[in-house]
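Engineer: Structure in structure tokens, see below.
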Amino acid sequence: MSGGGWFETVAEAQRRARKRLPKSVYSALLAGSERGVSYDDNTAAFAELGFAPHVAGLSAKRDLATTVMGQQVALPVLISPTGVQAVHPDGEVAVARAAAARGTAIGLSSFASKPLEEVVAANPQTFFQMYWMGERDAMLRRLEHARAAGAKGLIVTLDWSFSHGRDWGSPWIPERLDLKAMARFAPEALTRPAWLMDFAKSRRLPDLTAPNLAESGERAPTFFGAYGQWMQTPPPSWEDVAWLRAQWDGPFLLKGVCRVDDARRAVDAGVTAISVSNHGGNNLDGTPAPIRALPAVAEAVGEDIEVLLDGGIRRGGDVVKALALGAKAVLIGRAYLWGLAAGGQAGVENVLDVLRGGIDSALLALGRESVHDLTPDDVVVPPGFGRVLGSDR
Ligand SMILES: Cc1cc2nc3c(=O)[nH]c(=O)nc-3n(C[C@H](O)[C@H](O)[C@H](O)COP(=O)(O)O)c2cc1C
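Read in order, the letters of the sequence shown are residues 1 to 393 in UniProt numbering.
Shown next as structure tokens:
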């Protein structure tokens with residue numbers, strides 16, 4: 001594996017990613033917004049939760065398998081959609097292969113650098129992620145493309161409000177990697193020879209386009225071209241959400257819900273699943289960590305739809321905490337991006353193995369035979385931990 005072989009934790013993968021990636025690429029993945037309150041809370045909240053282990057009567061065998069949106073997965077951890085772009089020449093295809101090798105599903109971002117067809121070929125358990133972006137006709141064409149390419153489900157992400165400032169500064173990302181941009185980027189890239197070699201060997205530059213947003217027969221739009229179109233699209237109403245859901249006759253996940261009232265509206269709109277999420281702390285800063293909002297949301301709609309969570313998952317124990325508090329499974333973002341940067345496909349497999357090992361170890365200590373047996377009794381929740389966002393109708 002490139003990047004120094006096996007690593008034992010996600011934190012180590014992140015350290016390697018930091019060493020290997022040009023500074024602007026690393027900070028684009030780190031992301032966060034404004035003051036970083038949500039970003040920090042996403043991981044800090046998991047550390048506030050404890051476990052209540054047993055010492056005897058433990059289970060010799062543990063079963064981590066479950067189903068999510070009709071897909072059998074070997075562990076309750078899925079790949080969350082991210083616009084990976086310049087992390088690694090194989091990008092989302094490497095991630096898809098790693099997920100397939102470890103028996104789990106992947107969400108492919110609309111802003112991904114690889115065509116959906118290539119990703120589905122690498123992992124048939126692929127969901128396509130969309131934003132509410134452009135005219136309805138264009139959205140229908142994207143749905144049709146996703147259907148024809150074999151996507152097993154749709155992820156619709158609605159928690160984005162175009163917050164662009166960060167107190168620690170945002171990286172410069174060029175519109176295109178043309179000569180002018182390369183000249184500006186070169187001093188930074190030259191300090192990261194291993195990353196540069198990966199791209200040199202692949203004989204490709206990161207092309208910073210969004211092939212899955214191309215209209216048929218036309219060139220893929222640049223990342224910023226597509227982003228601009230999205231910014232100009234009027235935000236959807238709940239009727240629009242129900243309309244979009246009705247256009248897709250398969251599993252449909254609404255990503256970014258954190259309020260109880262919105263979760264109920266999502267049920268009314270006919271979704272299959274929601275992910276309790278604050279977009280990894282990259283959106284409206286001050287939104288609490290999803291793990292704080294999860295119990296109330298799971299209590300309200302957990303019987304009606306699948307409730308997932310994403311944000312702040314860095315170890316297997318975090319996954320177990322989320323499941324104990326009502327999630328059916330979790331999605332990971334940065335954890336696999338660090339793995340991808342550190343070691344390509346093998347690095348992502350390594351991250352999934354780290355999580356699998358941590359889940360298994362926690363199940364053993366908690367005396368649980370299966371991920372389905374976890375209950376709130378397995379975790380120690382300090383007073384005042386939870387947040388109930390929004391109220392019932
Ligand atoms: C660099 C980066 C790019 C992202 N791009 C997308 C995207 O294109 N679509 C989407 O639905 N979510 C996107 N997300 C959010 C992730 O899907 C996920 O919600 C978040 O990363 C979870 O938090 P975690 O990184 O702590 O695991 C992105 C996150 C990061 C860090």
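Note that the Cβ used here is the ideal one computed from N, Cα and C, for glycine as well.
Every value quoted in this text rests on a predicted model; they were computed, and no experiment measured them.
Tell me whether aspartate 318, by its Cβ, gets closer than 6 Å to a heavy atom of ligand 1.
Structural biologist: The answer is no for aspartate 318.
Engineer: In this structure, how does DSSP classify residue 399 when only helix, strand and coil are distinguished?
Structural biologist: A question about residue 399 goes unanswered here, because the residues of the chain that appear run from 1 up to 393.
Engineer: When the distance is taken between beta carbons, is alanine 86 closer than 7 Å to proline 206?
Structural biologist: yes
Engineer: I believe phenylalanine 111 touches alanine 210 by the beta-carbon criterion, under 8 Å. Please report the beta-carbon distance rounded to the nearest angstrom.
Structural biologist: 5 Å
Engineer: Quick one: residues in its chain with C-beta nearer than 7 Å to the C-beta of valine 93, no 5 flanking neighbours on either side, listed in chain order?
Structural biologist: Lys114, Glu118, Val119 and Ala122
Engineer: Can you look up phenylalanine 127 in the DSSP assignment and give me helix, strand or coil?
Structural biologist: strand
Engineer: Please work out which residues of its chain come closer than 6 Å, Cβ to Cβ, to asparagine 42, disregarding the five sequence neighbours upstream and downstream, and give them in chain order.
Structural biologist: Gly281, Ala289, Gly311 and Gly312
Engineer: Assuming alanine 329 and threonine 157 make a contact with CB atoms under 8 Å, what is their CB distance in whole Å?
Structural biologist: With 8 Å as the limit, alanine 329 and threonine 157 do not qualify as a contact, their Cβ atoms being about 17 Å apart.
Engineer: DSSP three-state label for threonine 222, please.
Structural biologist: strand
Engineer: Tell me where the alpha helix (DSSP H) around lysine 19 begins and ends.
Structural biologist: Boundaries of the alpha helix (DSSP H) around lysine 19: 10-20.
Engineer: Under 6 Å from any heavy atom of ligand 1, does the C-beta of phenylalanine 46 make it?
Structural biologist: no
Engineer: At a cut-off of 6 Å, is histidine 145 close to ligand 1 when judged by its beta-carbon and the heavy atoms of the ligand?
Structural biologist: no
Engineer: What three-state label does DSSP hand arginine 313 in the structure shown?
Structural biologist: The question names arginine, but residue 313 in the sequence shown is isoleucine. Coil.
Engineer: Starting from threonine 43 and walking both ways along the beta strand (DSSP E), at which residues does that stretch end?
Structural biologist: First-last for threonine 43: 37-48, but that is the alpha helix (DSSP H), not the beta strand (DSSP E).
Engineer: Could you pull the start and end residues of the alpha helix (DSSP H) that glutamine 345 belongs to?
Structural biologist: Start and end: 334-366.
Engineer: Select from Leu64, Thr82 and Glu299 the residue whose C-alpha is nearest the C-alpha of alanine 74.
Structural biologist: Leu64
Engineer: Is the Cβ-Cβ distance between leucine 143 and threonine 126 less than 7 Å?
Structural biologist: no
Engineer: Could you compute how far the alpha carbon of threonine 233 sits from the alpha carbon of phenylalanine 162?
Structural biologist: 12 Å
Engineer: How long is the line joining the alpha carbons of isoleucine 274 and lysine 152, rounded to whole angstroms?
Structural biologist: 16 Å
Engineer: Report the residue from Ala365, Leu308, Arg259 and Trp6 whose alpha carbon sits nearest the alpha carbon of histidine 155.
Structural biologist: It is isoleucine, not histidine, that sits at residue 155 in the sequence shown. It is Leu308 whose Cα lies nearest to the Cα of isoleucine 155.
Engineer: From Leu337, Asp378 and Asp249, pick the residue whose C-alpha is nearest to that of residue 394; which is it?
Structural biologist: Because the chain here runs from 1 to 393, residue 394 falls outside it and cannot be looked at.
Engineer: Work out the CA separation of serine 24 and tryptophan 168 for me, nearest whole Å.
Structural biologist: 12 Å
Engineer: Could you round the C-beta distance between aspartate 285 and serine 38 to whole angstroms and report it? I think they count as a contact, below 8 Å.
Structural biologist: 5 Å
Engineer: When every heavy atom of ligand 1 is checked, does at least one fall within less than 6 Å of the C-beta of serine 109?
Structural biologist: yes
Engineer: Check the DSSP bridge columns for isoleucine 155 and list the partner residues they point to.
Structural biologist: Gln129 and Leu253
Engineer: Please work out which residues of its chain come closer than 7 Å, Cβ to Cβ, to alanine 146, disregarding the five sequence neighbours upstream and downstream, and give them in chain order.
Structural biologist: Leu116, Phe128 and Leu154
Engineer: So alanine 341 and leucine 21 are in contact, right, with Cβ under 8 Å, and what is the actual spacing, rounded?
Structural biologist: 5 Å
Engineer: Can you have a look at arginine 204 and say buried or exposed, based on whether 16 or more other CB atoms are within 10 angstroms of its CB?
Structural biologist: exposed
Engineer: Can you tell me where the alpha helix (DSSP H) holding leucine 140 begins and where it ends?
Structural biologist: 136-149
Engineer: Taking the alpha carbon of valine 10 as the reference point, which residue from Ser59, Ala298 and Leu352 has its own alpha carbon closest?
Structural biologist: Leu352
Engineer: Give the straight-line distance between the Cα atoms of tryptophan 6 and glycine 326, rounded to the nearest whole angstrom.
Structural biologist: Rounded to the nearest angstrom, the two C-alpha atoms are 32 Å apart.
Engineer: Going by other Cβ atoms of all chains shown within 10 Å of its Cβ, with 16 needed for buried, is arginine 265 buried or exposed?
Structural biologist: buried
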